[in-house]
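Just so we're aligned, residue 1 is where the sequence shown starts under UniProt numbering, counting upward by one.
Virtual Cβ for every residue (Gly too), placed ideally from N, Cα, C.
Working notes for the structure below.
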Amino acid sequence: MDRGLRLTQTVIGFLAVALVASLFLFGMVGGGAPADQQPTVSPSARPSPSELGEEDRLPGELPEPLDSIEVFDVDEELNPDRQLDYEAQGDPGVEFAAGLPDLRAYAEQSLDWAECGEATECATVLAPLDWEDPAAAAIELAVNRVASPNPVNGPLFVNPGGPGASGREFAASFAPDHWQGYDIVGFDPRGTGGSTHVVCGTLEETDEILGLDGSPDDDAEDRALQDGYRDFAQQCRDGSGELLDHLSSVEVARDMDLLRHLLGAEKLNFFGVSYGTYIGAMYAELFPDTSGRLILDAAVEITDAEPIYQIEGFERAFVAWADWCAGQEVCSLNGPSSAELQEQVSEWLDSLDQSPLPVGDRLLTQTHAATGIALFLYGDSSAYRVLALALQAAMRGDGEALLASADQLNGRGTDRYDTIAYAFPAMLCADWPDEGVDEVQELAAEGARRAPVLGRHMGITYACELWTAESNPPYKLTAEGADPILVIGGTGDSATPYEQAVRMAEQLEPATLLTYDGPGHGAVTGPSECVADAVDRYLADGTLPDEGTRCT
Numbered sequence: 001m002d003r004g005l006r007l008t009q010t011v012i013g014f015l016a017v018a019l020v021a022s023l024f025l026f027g028m029v030g031g032g033a034p035a036d037q038q039p040t041v042s043p044s045a046r047p048s049p050s051e052l053g054e055e056d057r058l059p060g061e062l063p064e065p066l067d068s069i070e071v072f073d074v075d076e077e078l079n080p081d082r083q084l085d086y087e088a089q090g091d092p093g094v095e096f097a098a099g100l101p102d103l104r105a106y107a108e109q110s111l112d113w114a115e116c117g118e119a120t121e122c123a124t125v126l127a128p129l130d131w132e133d134p135a136a137a138a139i140e141l142a143v144n145r146v147a148s149p150n151p152v153n154g155p156l157f158v159n160p161g162g163p164g165a166s167g168r169e170f171a172a173s174f175a176p177d178h179w180q181g182y183d184i185v186g187f188d189p190r191g192t193g194g195s196t197h198v199v200c201g202t203l204e205e206t207d208e209i210l211g212l213d214g215s216p217d218d219d220a221e222d223r224a225l226q227d228g229y230r231d232f233a234q235q236c237r238d239g240s241g242e243l244l245d246h247l248s249s250v251e252v253a254r255d256m257d258l259l260r261h262l263l264g265a266e267k268l269n270f271f272g273v274s275y276g277t278y279i280g281a282m283y284a285e286l287f288p289d290t291s292g293r294l295i296l297d298a299a300v301e302i303t304d305a306e307p308i309y310q311i312e313g314f315e316r317a318f319v320a321w322a323d324w325c326a327g328q329e330v331c332s333l334n335g336p337s338s339a340e341l342q343e344q345v346s347e348w349l350d351s352l353d354q355s356p357l358p359v360g361d362r363l364l365t366q367t368h369a370a371t372g373i374a375l376f377l378y379g380d381s382s383a384y385r386v387l388a389l390a391l392q393a394a395m396r397g398d399g400e401a402l403l404a405s406a407d408q409l410n411g412r413g414t415d416r417y418d419t420i421a422y423a424f425p426a427m428l429c430a431d432w433p434d435e436g437v438d439e440v441q442e443l444a445a446e447g448a449r450r451a452p453v454l455g456r457h458m459g460i461t462y463a464c465e466l467w468t469a470e471s472n473p474p475y476k477l478t479a480e481g482a483d484p485i486l487v488i489g490g491t492g493d494s495a496t497p498y499e500q501a502v503r504m505a506e507q508l509e510p511a512t513l514l515t516y517d518g519p520g521h522g523a524v525t526g527p528s529e530c531v532a533d534a535v536d537r538y539l540a541d542g543t544l545p546d547e548g549t550r551c552t
């Protein structure tokens with residue numbers, strides 16, 4: 001089995017929000033400079049974009065063609081069941097700006113910064129919808145900057161993952177000069193947030209799809225699930241039009257190169273988490289000469305090794321919760337043993353298959369309940385008691401808290417779904433190929449074997465198998481020629497298992513691995529002073545930790 005072919009079928013719902021839950025539910029970023037520092041330098045004091053000569057590579061222009069990147073060998077036919085012939089019905093909800101004449105025109109645009117919050121400035125940048133046809137149409141990229149009092153190191157771009165999470169919200173969570181001498185720059189990647197974003201169905205239509213039985217017990221239930229995802233893919237094509245064909249990490253990396261230039265940086269310095277590690281690695285692959293200091297935290301899988309199912313990470317975290325809860329007086333579900341507690345929860349989840357729990361005018365289904373549990377597993381032990389209380393209430397007939405948790409992880413608001421709910425599958429399916437619908441049940445069975453509690457209950461998805469856009473081939477990223485890269489992995493990471501960080505550091509030629517022995521999705525934003533110190537040193541002067549360094 002080749003790299004990424006199981007990532008779209010990790011037996012976790014297709015709308016998981018990766019890092020966002022752990023950042024904004026379980027505590028904000030740590031380390032860095034004191035929060036009371038305010039910017040004292042005007043944007044005019046920052047470097048302007050360098051002048052480009054006739055022979056210079058233009059921002060976003062590839063130094064080498066894409067087909068020069070090595071691709072993993074794949075025996076199976078890829079994307080055999082995608083609806084590539086489906087044509088959008090009606091006018092898409094996405095509107096594009098007029099394209100600029102050529103790549104040089106994009107590189108020569110100016111940024112009109114405006115205050116948009118305390119110590120924060122915002123701007124909008126135009127980028128080509130199709131980098132190979134820049135004059136055809138343009139998209140808008142929403143950018144913000146938390147200004148350093150003394151930005152001697154230039155911009156540090158940040159991305160929280162998803163895919164599809166807001167880089168602007170992530171950047172705004174940092175204090176000015178959190179990393180000394182760096183402006184912290186966030187942008188909403190194409191397809192999400194305040195940038196030109198994916199448009200799919202209504203709240204009711206998406207509720208209907210997520211309300212389907214995600215753990216089909218017979219052919220009829222499986223057909224209904226496939227039909228639901230087929231409809232979902234068509235809704236996204238109807239609403240988003242051509243945008244769906246230009247959402248891969250290749251396009252995002254090219255957008256980042258344009259932003260690098262427009263902010264006057266010779267090299268791209270970058271902090272990415274979860275999916276952000278993939279776009280960081282892709283940038284280093286495509287643009288090694290302008291790749292600067294990259295911090296890749298909570299790595300996704302980039303190799304062709306037998307993948308670690310994401311659901312295994314959640315199962316490990318669930319077992320850790322049960323180990324803590326068993327026998328604890330402060331745990332409302334305390335019992336004689338961890339194993340018995342796991343069985344108790346599993347049996348209750350089983351019961352929801354036939355008898356979902358009413359919550360107002362909605363239902364807490366088996367898949368919703370397992371997704372709600374997963375939200376708490378993104379964090380560390382500080383969330384254990386809250387999970388126990390939510391589970392106890394649901395098992396006694398009050399599923400409000402657990403359904404609210406599932407809604408948060410699924411990106412559901414009161415009257416609509418957040419853009420990440422639709423950007424997530426659109427961007428995921430653009431980067432990782434699949435083997436078709438026939439493989440889904442096999443993958444689900446393997447996931448259930450590896451994760452006996454959550455793997456059986458979280459459900460499966462046909463989102464990518466029935467998508468209406470093609471994917472990239474399975475690129476083998478090595479970042480040859482790029483500056484040294486810092487990869488960080490946490491041994492207790494539920495969403496991106498530690499093994500993936502080990503393999504990313506091995507495959508990226510200039511990378512060094514820093515291990516965090518602790519829980520939580522993403523270590524840089526966690527409580528470890530050891531990790532914070534290592535990151536500070538690397539950003540200050542490029543000093544990497546010694547091979548084999550472990551932090552607690």
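Worksheet item: If you drop the 5 nearest sequence neighbours on each side, which residues of the same chain put their C-beta closer than 7 Å to that of C116?
Response: Only residues of its own chain outside the window of five on either side were considered, and among them C122, N144 have a CB closer than 7 Å to the CB of C116, listed in chain order.
Quiz prompt | Selected residue, minimal CA-CA separation from E76, among P473, Y417, P545 | solution = Answer by Cα proximity: P473.
- Task: Taking only runs that begin and end inside the stretch 437-515, name each unbroken alpha helix (DSSP H) of 4 or more residues, in chain order.
- Result: Here the runs fully enclosed are 440-450, 454-457, 498-507.
inquiry  = Does the distance between the C-beta of D218 and the nearest non-hydrogen atom of the ligand PLP fall short of 7 Å?
reply    = Absent from the structure shown: the ligand PLP. Ligands present: none.
* Uninterrupted alpha helix (DSSP H) stretches inside the stretch 256-293 (no shorter than 4 residues) -> With a minimum length of 4 residues, the continuous alpha helix (DSSP H) runs that stay inside the stretch 256-293 are 275-286.
Residues bridged to V359 [DSSP beta-bridge criterion]: V359 is bridged to R362.
field: Ranges of the beta strand (DSSP E) found wholly within the stretch 134-214, counting only runs of at least 3
entry: Taken in chain order, the whole beta strand (DSSP E) runs of length 3 or more contained in the stretch 134-214 are 138-146, 154-159, 182-187.
- Are the CB atoms of G99 and A136 nearer to each other than 8 Å? Contact flag set, yes.
| said: Here's the rule I'm using: 16 or more other beta-carbon atoms within 10 Å means buried, otherwise exposed. How should R223 be labelled? | reply: Classification of R223: exposed, given that the 10 Å Cβ count is below 16.
Q) Using DSSP with H/G/I as helix, E/B as strand and the rest coil, what is R82? A) Coil, per DSSP.
Quick check on S173 - is its C-beta less than 8 Å from some C-beta in chain B? Given the protein chain composition of this structure (a single chain), no chain B is represented.
(request) Assign Q234 to one of two classes, buried (16 or more other C-beta atoms within 10 Å of its C-beta) or exposed (fewer than that). (result) It is buried - the Cβ of Q234 has at least 16 other Cβ atoms within 10 Å.
Report yes if the C-beta distance between G264 and R46 is below 8 Å; otherwise report no.
-> Result yes, Cβ atoms of G264 and R46 sit closer than 8 Å.
inquiry  = Taking only three categories from DSSP, how would you classify Y378?
reply    = Coil, per DSSP.
For the alpha helix (DSSP H) containing C236, list its first residue and its last residue. Residues 219-240.
If you run the structure through DSSP and keep just helix, strand and coil, what is D517? Strand.
* Asked: Between which two residues does the alpha helix (DSSP H) containing G313 stretch?
  -> Here the alpha helix (DSSP H) through G313 covers 310-325.
Notebook entry, point to check: Given that a residue counts as buried once 16 or more other Cβ atoms are within 10 Å of its Cβ, and exposed if not, what is A339?
Noted result: The residue in question, A339, is exposed, as its Cβ has fewer than 16 Cβ neighbours within 10 Å.
Contact defined as beta carbons within less than 8 Å: I believe V199 pairs with G239. What is the distance between those atoms, to the nearest angstrom? Yes, they are in contact, since the Cβ atoms of V199 and G239 sit about 3 Å apart, within 8 Å.
- [ ] Please classify G4: is it buried, with 16 or more other beta-carbons within 10 angstroms of its beta-carbon, or exposed?
- [x] Caution is warranted here: a pLDDT of 37 is assigned to G4, below 50, making its placement in the model unreliable, and the coordinate value is therefore given only provisionally. Flag for G4 reads buried.
For the putative contact between residue 557 and I485, defined by C-beta atoms under 8 Å, what is the C-beta separation to the nearest angstrom? In the structure displayed, the chain extends from 1 to 552; residue 557 sits before or after that span and is not available.
- Message: Could you tell me the alpha carbon to alpha carbon distance between Q342 and E480, rounded to whole angstroms?
- Response: Distance between the alpha carbons of Q342 and E480 is about 46 Å.
Practice item. Go to E347, then tell me how far its alpha helix (DSSP H) extends in each direction, as first and last residue. Key: For E347, the uninterrupted alpha helix (DSSP H) run begins and ends at 338-354, by DSSP.
Q: State the Cα-Cα distance for the pair V20 and E54, rounded to the nearest angstrom.
A: Interpretation of V20 is limited by its pLDDT of 42, a score under 50 that renders its predicted location unreliable; the figure taken from the coordinates is listed afterwards. If I take the Cα positions, the gap works out to 43 Å.
Kindly indicate which residue of A165, Q89, Q226 has the alpha-carbon position closest to the one of V440. Comparing Cα-Cα distances from V440 to each of A165, Q89, Q226, the minimum goes to Q226.
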